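Student: Chains A and B, in that order, give the protein sequences.
For the first sequence, the positions run 0 to 593 when numbering that gives the first Met the number 0 is used.
For the second sequence, the positions run 0 to 165 when numbering that gives the first Met the number 0 is used.
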Amino acid sequence: MYKMHLLVCGGTGCRATQSKQIEENLRAELKAKGLENDAQVIITGCFGFCEKGPIVKILPDNTFYVGVESEDAAEIVEEHVLKGRRVERLLYTDPENKEHISDSKHMGFYQKQIRIALRNCGFIDPENIDEYIARDGYFALGKVLEMSQTEAIEIMKKSGLRGRGGGGFPTGLKWEIAYNNKADQKYVVCNADEGDPGAFMDRSILEGDPHSIIEAMTICGYCIGASKGLVYIRAEYPLAITRLQIALKQAREYGLIGKNILGRNFDFDIELRYGAGAFVCGEETALIHSMEGLRGEPTVKPPYPAESGYLGKPTNVNNVETFANVPVIFLKGHEWFSSIGTAKSKGTKVFAITGKINNVGLIEVPMGITLREVIYEVGGGIKDGKMFKAVQTGGPSGGCLTEKHLDTPIDYDSLLAVGSMMGSGGMIVMDEDDCMVSIARFYLEFILEESCGKCTPCRIGNKRLHEILKKITEGKGEPADIERLKALGNVIKDTSLCGLGQTAPNPVLSTISNFEDEYLAHVNEKRCPAGQCKALLKYEVDENLCTGCTLCFRNCPVGAITGERRQPHHVNQSLCIKCGVCLEKCKFNAILLT
Amino acid sequence: MSKIKLANHTIQIVKDVCAEFENKEGELINILHQVQHKLGYLPAEVQEAIAKELKIPVVKVYGVVTFYSFFTMVPHGENPISICMGTACYVRGAEQILDEFKRELKVQVGESTSDGKFSINCLRCVGACGLAPVVTVGEKVYGRVAPNQVKEIIAEYSNKNVTDDV
Chain A
0 MYKMHLLVCG
10 GTGCRATQSK
20 QIEENLRAEL
30 KAKGLENDAQ
40 VIITGCFGFC
50 EKGPIVKILP
60 DNTFYVGVES
70 EDAAEIVEEH
80 VLKGRRVERL
90 LYTDPENKEH
100 ISDSKHMGFY
110 QKQIRIALRN
120 CGFIDPENID
130 EYIARDGYFA
140 LGKVLEMSQT
150 EAIEIMKKSG
160 LRGRGGGGFP
170 TGLKWEIAYN
180 NKADQKYVVC
190 NADEGDPGAF
200 MDRSILEGDP
210 HSIIEAMTIC
220 GYCIGASKGL
230 VYIRAEYPLA
240 ITRLQIALKQ
250 AREYGLIGKN
260 ILGRNFDFDI
270 ELRYGAGAFV
280 CGEETALIHS
290 MEGLRGEPTV
300 KPPYPAESGY
310 LGKPTNVNNV
320 ETFANVPVIF
330 LKGHEWFSSI
340 GTAKSKGTKV
350 FAITGKINNV
360 GLIEVPMGIT
370 LREVIYEVGG
380 GIKDGKMFKA
390 VQTGGPSGGC
400 LTEKHLDTPI
410 DYDSLLAVGS
420 MMGSGGMIVM
430 DEDDCMVSIA
440 RFYLEFILEE
450 SCGKCTPCRI
460 GNKRLHEILK
470 KITEGKGEPA
480 DIERLKALGN
490 VIKDTSLCGL
500 GQTAPNPVLS
510 TISNFEDEYL
520 AHVNEKRCPA
530 GQCKALLKYE
540 VDENLCTGCT
550 LCFRNCPVGA
560 ITGERRQPHH
570 VNQSLCIKCG
580 VCLEKCKFNA
590 ILLT
Chain B
0 MSKIKLANHT
10 IQIVKDVCAE
20 FENKEGELIN
30 ILHQVQHKLG
40 YLPAEVQEAI
50 AKELKIPVVK
60 VYGVVTFYSF
70 FTMVPHGENP
80 ISICMGTACY
90 VRGAEQILDE
100 FKRELKVQVG
110 ESTSDGKFSI
120 NCLRCVGACG
130 LAPVVTVGEK
140 VYGRVAPNQV
150 KEIIAEYSNK
160 NVTDDV
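1. Out of A:TYR64, A:GLU78, A:VAL40 and A:VAL230, point me to the one whose CA is closest to A:LYS597's CA.
2. Output, in chain order, the set of chain B residues within a Cβ distance shorter than 8 Å of A:ASN554.
3. Provide the residue span of the alpha helix (DSSP H) that contains A:MET200, from first to last.
4. What's the call for A:PHE168, buried or exposed, on a 16-neighbour Cβ count within 10 Å?
5. Taking the alpha carbon of A:ASP37 as the point to measure from, which residue in A:PRO59, A:GLN20 and A:ALA416 has its own alpha carbon closest?
6. Return helix, strand or coil for A:ASN315, following the three-state DSSP convention.
7. What distance in whole Å lies between the Cβ atoms of A:PHE267 and A:GLY596, which are believed to be in contact at a cut-off of 8 Å?
8. From the beta carbon of B:LYS159, is the nearest beta carbon of chain A less than 8 Å away?
9. If I measure Cβ to Cβ from A:LEU205 and keep anything under 8 Å in the same chain, skipping five residues before and after, which residues do I get?
10. In whole angstroms, what separates the C-alpha of B:ASN160 from that of A:GLU542?
11. By DSSP, does A:MET429 sit in helix, in strand, or in coil?
12. For A:VAL7, which residues from the same chain have a beta carbon less than 6 Å from its beta carbon, with the 5 sequence-adjacent residues on both sides left out?
13. In the segment 253-275 of chain A, which residues sit with their C-beta less than 7 Å from some C-beta in chain B, listed in chain order?
14. B:PHE69 versus chain A: which residues are under 9 Å apart at the beta carbon?
15. So for A:SER326, helix, strand or coil by DSSP?
16. Beta carbon of A:SER147, beta carbon of A:HIS333: below 8 Å?
17. Taking only beta-carbon atoms, is A:GLU50 less than 8 Å away from chain B?
18. Please list, in chain order, the chain A residues whose beta carbon lies closer than 7 Å to that of B:ALA127.
19. Quick check on A:MET0 - is its C-beta less than 8 Å from some C-beta in chain B?
20. Restricting to Cα atoms, I'd like to know which of B:PRO42, B:CYS128, B:GLY129 and B:LYS14 is closest to B:VAL64.
21. Any idea what DSSP makes of A:ASN190, helix, strand or coil?
22. Which residues in the same chain have their Cβ closer than 8 Å to the Cβ of A:PHE445, if we skip the five residues on either side of it in sequence?
23. Tell me which same chain residues have a C-beta within less than 7 Å of the C-beta of A:GLU283, skipping the five on either side of it?
24. Considering only the alpha carbon of each residue, which of A:LEU144, A:ALA520, A:LYS32 and A:THR510 lies closest to A:ASN259?
25. May I ask you to list, following chain order, the residues of the segment 56-67 of chain B that have a beta carbon less than 7 Å from some beta carbon of chain A?
26. Which runs of the beta strand (DSSP E) at least 3 residues long sit entirely within the segment 346-433 of chain A? Give them in chain order.
27. Measure the Cβ-Cβ separation of A:GLU175 and A:ILE152 and say whether it is below 8 Å.
28. Using only CA atoms, which one of A:SER69, A:ILE123, A:PHE138 and A:ILE362 lies nearest to A:CYS49?
29. Grab me the residues of B:ILE12's own chain with a C-beta within less than 6 Å of its C-beta, minus the 5 sequence neighbours each way, in chain order.
30. At a Cβ threshold of 8 Å, is A:ASP93 touching chain B?
31. Hey, would you say A:PRO567 sits closer than 8 Å to A:CYS548, going by beta carbons?
32. What in chain A is Cβ-close to B:TYR89, meaning under 7 Å?
33. Residues of chain A with CB closer than 7 Å to the CB of B:GLY25, please, in chain order.
34. If contact means a Cβ-Cβ distance below 7 Å, which residues of the segment 327-358 of chain A contact chain B?
35. May I ask you to report which of helix, strand or coil DSSP gives A:LEU293?
36. Span of the alpha helix (DSSP H) holding A:ASN523?
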């Protein structure tokens, strides 16, 4: 038995900042001190607090070290493991009272969170099935196999769980439809093709707790009468793929998937199918075509996949996060699950909260929490003390919400009512420096690349929307353009074939309705209030404030700034590429943006 | 299509991969993943060879290759540079970083430098949003990149001495 466990975050973010090296150094240090039988180093999934990564957590005293570097390993082992003293300098500092906090449960970031889908992320070794089982893993499967299919589906329906991929369709009902369609072969598909740029919820679950998905898919297979499961996963997620493959192998060895699961007359196995980078494949029918080796183009529903899906057989498609909730519902009961959340949205939602926010990371909050609580309490407010401007939920299909929407409770229906949507869980916070017209253009660029081209409104309409937005950001807009955007946007919404096209104009329409002033400034005054649209900007030096420190001169990447030491400098407009480095570097506010 | 003849060992690689998936049409995407992994890219001639093995029209293979952003018909540079254009990186200035790379290397997105050393691509979300804006060169991840760091990153991979002009 180990007396102490050193958990090192092995999520993608922390891995990118040398958490692998931290792990190796910790092991080496423990060995050097002869402590390898007393303390164990475990690589876990994402802790969520990516802003402060890499993270090392020590059990049993729950010490949470942030911003750890590989050189810190020696001190952690020497001080904490050997002498039992915390390394104060690596503890999280409360931004308000500047005190060190050693236990993560007292941090603002974690206080309002309830972790159901992420229950094991950052807690267990995802590559070890025994750790999952020790946390009641596969216990729900055992329970379900003692029930009849309809009993189990009834529990899912009563739980009120709705699809977490964005649509919000009731999961139990979906299972029931698939169950009622009789066929010799049915399929369970897990949609792990997370395409929303700036969102990484599903990836973190697969990396941190792959067994929960395997267990849930097997439960679903039993309920609907399927013997085969497929995980459609992005090829760009190598770590998630590896961990899932390891987990599948272990589950097979333990007889938890395969033939006669847990001694019952029930067979179920899971295979992986790789996506190849197409946002539209998040749509069920497109995803199914892609799994069949075809172009991932959506088709008209009905027929729904539950009637005719993969290879023409009844297919139930659920997203990763939806599945991650399933085992807990059977373990703790549907009453417990439905006690969390609002009247029509039960349970929790995972968000990847990013952008201009202090605590970038992965969070799981109960439905019904307000945007304000998420941004200011969990997220720790806006970076660098700037002004909040907008929050974007729902990715390229969602909308930008503003100050007046901050007290909106987060649930499927409330977000729709204010012109955005739940989406898969991307939440991007923007501050006063972000230009809303540029943001709309950015999303449209994404849509242009990702539109499959099958239906005309989406293929051509979005291209026109993008052209108009580009024109406006280049200072060539005219007043009628705003009306054109609105009219065209609504036509695209009404006439596109699939969800991608039907929601594509949302970022444009929502920014027009919430930030019309900004559009007008671009069009009428040829001015970008946020100072982001390059064609509308000019960088100049204020001669009265410039001290001639040469800092801007030395940092300008194109040599557009000239001037002698201690003399006012000048910007050569023909060379300036408007990168903004001079403005950022100047300590005397002498760079003017006009 | 062109009349370039593939080397015998290249054809053999294609045949082996297709055989591994039992020459099944439904496995096309998996086959393309494998072949691209082995050859680095999927030029027209390779697509023809795959079509022949699977007994399907080339247009079907071409349709799939061009549909998915992961597949490429041109080889990546020796040091493939990817700039994350996910929304989180975008709002933290990824576009400026991209402009800087384009300017320094004098190539557009999806192109390689004439010496084959570098290529630039955009990708959507590395999942390291806490480090935005993010750039990857091969497997290595660079976080919180500032425009004036671009030169340094490129210099790290250039064998030639980069003359510092300041």
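Just so you know, even glycine gets a beta-carbon here, dropped at the ideal spot from N, CA and C.
This one's a predicted model, so the numbers in the text were calculated from it and none came from an experiment.
Tutor: Taking the structure as given:
1. Residue 597 of chain A is absent from the model: chain A starts at 0 and stops at 593.
2. Position 555 of the first sequence holds residue 554 of chain A. The contacting residues are ASN147.
3. For the purposes of this step, residue 200 of chain A is taken as residue 201 along the first sequence, with counting starting at 1. From DSSP, the alpha helix (DSSP H) with A:MET200 extends over 200-207.
4. Sequence index remark: in the first sequence, residue 168 of chain A carries index 169 (1-based). Result: exposed.
5. Counted from its first residue, the first sequence places residue 37 of chain A at position 38. The residue with the shortest Cα to Cα distance from A:ASP37 is A:PRO59.
6. Mapped onto the first sequence, residue 315 of chain A falls at position 316. Of the three classes helix, strand and coil, the one that applies to A:ASN315 here is strand, per DSSP.
7. Nothing can be reported for residue 596 of chain A: it is not among the residues displayed for chain A, which extend from 0 to 593.
8. The residue you call residue 159 of chain B lines up with position 160 of the second sequence. With a pLDDT of 48 at B:LYS159, under the threshold of 50, the modelled position of this residue cannot be trusted, and the question is left open.
9. Reading the first sequence from its first residue, position 206 is the one you call residue 205 of chain A. Closer than 8 Å at the Cβ level, and outside the excluded window around A:LEU205, lie ALA191, ILE212, ILE232, TYR236, ALA239, ARG242, LEU243 and VAL319.
10. For the purposes of this step, residue 160 of chain B is taken as the residue at position 161 of the second sequence. For the purposes of this step, residue 542 of chain A is taken as the residue at position 543 of the first sequence. The predicted position of B:ASN160 is uncertain, since its pLDDT is 46 and thus under 50; no value can be drawn from it.
11. Position 430 of the first sequence holds residue 429 of chain A. Strand.
12. In the first sequence, counting from the first residue as 1, residue 7 of chain A sits at position 8. Excluding residues within five positions, the ones whose Cβ falls inside 6 Å are SER18, ILE21, GLU22, ILE42 and VAL55.
13. TYR273 and ALA275
14. Position 70 of the second sequence holds residue 69 of chain B. Per Cβ cutoff of 9 Å: ARG233, ALA234, GLU235, TYR273, GLY274, ALA275, GLY276 and ALA277.
15. By 1-based counting over the first sequence, the position of residue 326 of chain A is 327. Going by the sequence as given, residue 326 of chain A is Pro instead of Ser. It is helical.
16. Taking the first sequence and counting its residues from 1, one reaches residue 147 of chain A at position 148. Taking the first sequence and counting its residues from 1, one reaches residue 333 of chain A at position 334. In this structure, A:HIS333 does not lie closer than 8 Å to A:SER147 by Cβ.
17. Within the first sequence, numbered from 1, the residue matching residue 50 of chain A stands at position 51. At least one chain B Cβ lies under 8 Å of A:GLU50.
18. Within the second sequence, numbered from 1, the residue matching residue 127 of chain B stands at position 128. Result: THR11, GLY12 and ALA15.
19. Residue 0 of chain A sits at position 1 when you count from the first residue of the first sequence. For A:MET0, the answer is no, since every Cβ of chain B falls outside 8 Å of its Cβ.
20. The sequence position of residue 64 of chain B within the second sequence is 65, counting from 1. When each option's Cα is compared against that of B:VAL64, the closest is B:PRO42.
21. Here residue 190 of chain A refers to the residue found at position 191 of the first sequence. A:ASN190 falls in the strand class under three-state DSSP.
22. Here residue 445 of chain A is taken as the residue at index 446 of the first sequence, counted from 1. Here the set comprises PRO196, PHE278 and PRO395.
23. Position 284 of the first sequence, counting from 1, holds the residue named residue 283 of chain A. Taken in chain order, the residues that qualify are PRO304 and VAL316.
24. Translated into positions along the first sequence, residue 259 of chain A becomes position 260. Nearest C-alpha to A:ASN259: A:LEU144.
25. GLY62, VAL63, PHE66 and TYR67
26. 347-354, 360-365, 387-392, 398-401 and 425-430
27. On the first sequence, position 176 is the one that residue 175 of chain A refers to. On the first sequence, position 153 is the one that residue 152 of chain A refers to. In this structure, A:ILE152 lies closer than 8 Å to A:GLU175 by Cβ.
28. Taking the first sequence and counting its residues from 1, one reaches residue 49 of chain A at position 50. Looking at the Cα atoms, A:ILE362 is the closest of the given residues.
29. Position 13 of the second sequence, counted from the start, is the residue given in the question as residue 12 of chain B. Excluding residues within five positions, the ones whose Cβ falls inside 6 Å are LYS37.
30. Within the first sequence, the letter at position 94 stands for residue 93 of chain A. Closer than 8 Å: no.
31. Numbered from 1 along the first sequence, position 568 holds the residue referred to as residue 567 of chain A. Numbered from 1 along the first sequence, position 549 holds the residue referred to as residue 548 of chain A. No, the Cβ-Cβ distance between A:PRO567 and A:CYS548 is not below 8 Å.
32. Indexing the second sequence from 1 puts residue 89 of chain B at position 90. Correct list: PHE441.
33. On the second sequence, residue 25 of chain B is found 26 positions in, with the first residue counted as 1. Under the 7 Å cutoff, chain A gives GLU291 and GLY292.
34. ALA351, THR353, GLY354 and LYS355
35. Here residue 293 of chain A is taken as the residue at index 294 of the first sequence, counted from 1. The answer is coil: DSSP assigns A:LEU293 none of H, G, I, E or B.
36. If you number the first sequence from 1, residue 523 of chain A lands on position 524. Element bounds for A:ASN523: 515-523.
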